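Be aware that the sequence shown starts at 15, since it is given in our numbering, and climbs by one per residue.
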Amino acid sequence: AVVVWGAHAAGDNRPSWNHDSVIAETLTWFAENNDVQSAVSMYLVLTGARAGESNSSVKDLVEEAVLEHWFLSYIDLLQRLQLFTQSNEIIRQCPLSSVNTLNHESTVVNSTCGSCSRNLARK
């Protein structure tokens, strides 16, 4: 005899478990206990941001203003530890445009003359 467990079992009419509240509470608990690294990392993994995917059900669990605060706090922590490459990676993966555009605001490109290597100035 074959026993099948789970949602695919014939005649299984148990309600499925909704994990959204547990995820939201866990992320909030980490952030409120001064562990924004875990909150942001878990958020990125659960939303699929690291793999280039998009899981919109998880994205809506945290308010945008709260999420922005978490990301900016984590980025600030990384920059104070001089982990600039990791900070830029978090900025790049953040789904919020207010955070994602930070790299564009702080980037300076100087052009130099090819023959004398002096900086070219705008006129």
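Yeah, the Cβ is synthetic: ideal placement off N, Cα and C, and Gly gets one too.
These numbers were taken from a predicted model, which means no experiment stands behind them.
Chain-order list of residues whose beta-carbon lies under 8 Å from that of residue i (same chain, five-residue window excluded)
i, result
"Phe-98", "Leu-92"
"Asn-114", "Ile-105, Arg-106 and Cys-108"
"Asn-102", "Asn-117"
"Phe-44", "Val-50, Ser-52, Ala-53 and Met-56"
"Arg-132", "Thr-126"
"Gln-100", "Leu-92"
Test item: CB-CB of residue i and residue j under 9 Å
i, j, result
"Val-76", "Thr-42", "yes"
"Ser-125", "Leu-134", "yes"
"Asp-54", "Tyr-88", "The residue asked about is misnamed: residue 54 is Val in this sequence, not Asp. Closer than 9 Å, so yes."
Residue from the options with nearest C-alpha to residue i
i, options, result
"Val-50", "Trp-31, Phe-85 and Asn-32", "Phe-85"
"Glu-82", "Leu-110, Val-36, Arg-132 and Ser-125", "Leu-110"
"Thr-40", "Leu-60, Ser-30 and Trp-31", "Leu-60"
"Glu-78", "Arg-94, Gly-62, Gln-96 and Ser-112", "Ser-112"
Contact set for residue i: own chain, Cβ-Cβ below 6 Å, skip 5 residues either direction
i, result
"Asp-90", "none"
Which runs of the alpha helix (DSSP H) at least 4 residues long sit entirely within the stretch 42-114? Give them in chain order.
50-61, 70-73, 78-94, 98-107 and 111-114
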